[in-house]
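**Student:** Taking UniProt numbering, I'd label the letters of the sequence shown as residues 1 to 101. No residue lacks a Cβ here, since even glycine has one placed at the ideal position from N, Cα and C.
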Amino acid sequence: MKLGTMADLTADITSEKRERIDTIKAEMVDAERGHELAALRKAQGFTQVQVAQAMGVTQGRISQIERGLARLDTSTMAAYLHAIGGELTITATVGNLSVRL
Numbered sequence: 001m002k003l004g005t006m007a008d009l010t011a012d013i014t015s016e017k018r019e020r021i022d023t024i025k026a027e028m029v030d031a032e033r034g035h036e037l038a039a040l041r042k043a044q045g046f047t048q049v050q051v052a053q054a055m056g057v058t059q060g061r062i063s064q065i066e067r068g069l070a071r072l073d074t075s076t077m078a079a080y081l082h083a084i085g086g087e088l089t090i091t092a093t094v095g096n097l098s099v100r101l
């Protein structure tokens, strides 16, 4: 069985299917980020309750974040990381030049 190119494989994807694929991709990214945040929290010795109190949210919200059930924007990630003693840094790279924003 020959699979062909990526263009061959995706040629018949409708806009509805593309939307569903994009949604699934976003859910997977959120789940991975949540898993990583939970690992960082545990490594620092914090409970979900402690992080929730520091962020001013409920423990249930922290659970949603860590299970990938919440969309993570940069301000939420920054607040979470701040609550466990860290910080969110963003680096822009263009060519061989990088700038921390």
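Can you name the start and end residues of the beta strand (DSSP E) that residue 23 belongs to?
**Tutor:** First-last for residue 23: 15-44, but that is the alpha helix (DSSP H), not the beta strand (DSSP E).
**Student:** Looking at the unbroken beta strand (DSSP E) that takes in residue 71, where does it start and where does it end?
**Tutor:** Counting along the chain, residue 71 falls outside any beta strand (DSSP E), and DSSP gives it neither H nor E.
**Student:** Per the contact definition of three or more C-beta pairs closer than 8 Å, is the region 28-43 in contact with the region 3-12?
**Tutor:** no
**Student:** Taking DSSP as the reference, what is the three-state secondary structure of residue 11?
**Tutor:** Looking at residue 11 - three-state DSSP - the assignment turns out to be coil, as it is neither helix nor strand.
**Student:** Are residue 60 and residue 34 closer than 8 Å when you measure CB to CB?
**Tutor:** no
**Student:** Roughly how many angstroms lie between the CA atoms of residue 31 and residue 55, to the nearest whole one?
**Tutor:** 20 Å
**Student:** Do you know how far the Cα of residue 89 is from the Cα of residue 98?
**Tutor:** One Cα belongs to residue 98, the other to residue 89, and the distance between them is close to 13 Å.
**Student:** Run through DSSP, which three-state label would residue 99 get?
**Tutor:** For residue 99, the secondary structure class from DSSP, reduced to helix, strand or coil, is strand.
**Student:** Determine the direct distance from the alpha carbon of residue 2 to that of residue 77, and round the result to whole angstroms.
**Tutor:** 43 Å
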